[in-house]
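Q:
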Amino acid sequence: MGPLIPNHFGMKKSMFGSAFVYALFAFANLVVVLNPTNQTLHWIVMLPAAFLEGVAASVLWIAQATYLTQLSVLYAEFKHEPVVSSMGLFNGVFYSIFRMSAISGNLISSLVLGYFVWPAESLFVMYTVIGLSGAALMLMLPSTTKVSVTNDTELAKLVQTPSVAQGNEPSRRGFTFQGLWTMATDNRMVVLAPVFVLNGLQQGFATGEFTSNFIRESVGGASIGYVMALYGGCNVVSSYGFGKLADKYGPLGGQLVGFGAMLVAFSLCYWIPVEKCDQQWPLVVVIAVLLSLGDASSTTLTSVVLGQEFPSDAVSVFSIFKVYQSGSAAASYFFFPYMT
């Protein structure tokens, strides 16, 4: 369903609807917390909420990636530069701001539940309000499909519709599964498939195995929020840096740095054991930073490469990317526990 909804409703409406579902998911958790003993209600509320959240997540990520690609093309045209010259800047800025949520979210949960010792209900009320506010902000985004470019003196006017070199314009072509399959079997997508899979495995490892078997095991569950806030902070800086460097030097160098960081992080996790409450803070912090560098590199630069290679069919390519990424992340949650 990921590519169908953005193609039908457009990127702006798709992002708003998906963000609204995120807020509903937080509200569903609030309902569960307010009724701790009603197990039947838990199933009735959380199963549909989880299903809708999964659909909304796929739509949101495909729509935002496509929207960013369109905006970067418009910005490049406004600057009278090649259409792919600003992919790194836009993806770097987006992922840098997005990763700030790892800092704010983990700090909010740690402060609310740990420092202030407020009830869990207050946490989900805050998340619901934040989610609704974010969804409302989506409505303020400029459209990319309404007005033709007639005056390039203001970027705000340019951000109304693409007007780029023929063959490179981001278009809203009708979606077909045959077209999606053709894109999936494109030689470039086949070559990039291992990168997509590695990105999902890395994210699954960082949010699953690393938090459970390293942070919680070594420095305690109460420190998970603080370590992951550090993870997010490093991601904020490195996402922007990788994006800027990609525009200037190309994405290859940043990808090699990211792959190297992940290799070192996985090696440390494999070769250096941790014991219950052994307080190996230096090891945990180093691994968190390395995993963050790998995540920032693979996520940001993969989006840059896809935007540069397929600016005219961003919906399809990012749909395929999310299939690989989400599938490998889900597989990591299932298989990694049997490998530890």
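The sequence shown begins at 2 in the numbering used here and counts up one residue at a time.
The beta-carbon is built from N, C-alpha and C at its ideal position, and this holds for glycine as well.
The model shown is predicted, which means the values in this text are computed figures rather than measured ones.
Roughly how many angstroms lie between the CA atoms of V126 and L31, to the nearest whole one?
A: 7 Å
Q: How many angstroms separate the CA atom of L253 from the CA atom of N36?
A: Approximately 51 Å between the Cα atoms of the pair.
Q: Grab the span of the alpha helix (DSSP H) containing Y116 for me, first residue to last.
A: It is not in any alpha helix (DSSP H) - Y116 carries neither H nor E in the DSSP assignment.
Q: Could you have a look at S329 and say whether DSSP puts it in helix, strand or coil?
A: Per DSSP, reduced to three states, the secondary structure at S329 is helical.
Q: Going by CA-CA distance only, name the one from K277, W182, A289 that's closest to Q204.
A: A289
Q: If we require 4 or more residues per run, which alpha helix (DSSP H) segments fall completely within the region 206-291?
A: 217-220, 225-250, 253-272
Q: Please confirm whether N92 and L69 have their CB atoms less than 9 Å apart.
A: yes
Q: If you draw a straight line from the alpha carbon of K323 to that of V316, how long is it in whole angstroms?
A: 11 Å
Q: Taking 8 Å as the threshold, find out whether the region 242-252 comes into contact with the region 195-204 through three or more Cβ pairs.
A: no
Q: Distance, Cα to Cα, G18 vs G132?
A: 11 Å
Q: Roughly how many angstroms separate the alpha carbons of Q256 and N236, rounded to a whole number?
A: Cα to Cα, Q256 sits roughly 14 Å from N236.
Q: Roughly how many angstroms separate the alpha carbons of H43 and F26, rounded to a whole number?
A: 13 Å
Q: Tell me the rounded alpha-carbon separation between L193 and A207.
A: 21 Å
Q: Rounded to a whole number of angstroms, what is the C-alpha to C-alpha distance between A77 and V46?
A: 46 Å
Q: Which residues in the same chain have their Cβ closer than 8 Å to the Cβ of T154, if we skip the five residues on either side of it in sequence?
A: Bear in mind that a pLDDT of 42 at T154, under 50, signals an unreliable position, so the model cannot answer this.
Q: With a Cβ-Cβ cutoff of 9 Å, do S293 and G201 count as a contact?
A: No, they are not a contact pair.
Q: Who are the near neighbours of L142 in its chain, counting only those whose CB is closer than 6 Å to its CB and skipping five residues on each side?
A: K13
Q: When the Cα atoms are used, what is the spatial distance from Q167 to K80?
A: Confidence is the limiting factor: at Q167 the pLDDT is only 40, short of 50, which leaves the residue's position unreliable, though a coordinate-based value still follows. Taking the straight line from one Cα to the other gives about 17 Å.
Q: Classify W282 as buried or exposed, calling it buried when 16 or more other Cβ atoms lie within 10 Å of its own Cβ.
A: Its Cβ having fewer than 16 others within 10 Å, W282 is exposed.
Q: Give the single residue among Y23, V305, K277, N8 whose Cα lies nearest to the Cα of S219.
A: K277
Q: Identify the continuous alpha helix (DSSP H) that holds L133 and give its terminal residues.
A: 121-139
Q: Can you tell me whether S268 is buried or exposed, with buried defined as 16 or more other CB within 10 angstroms of its CB?
A: exposed
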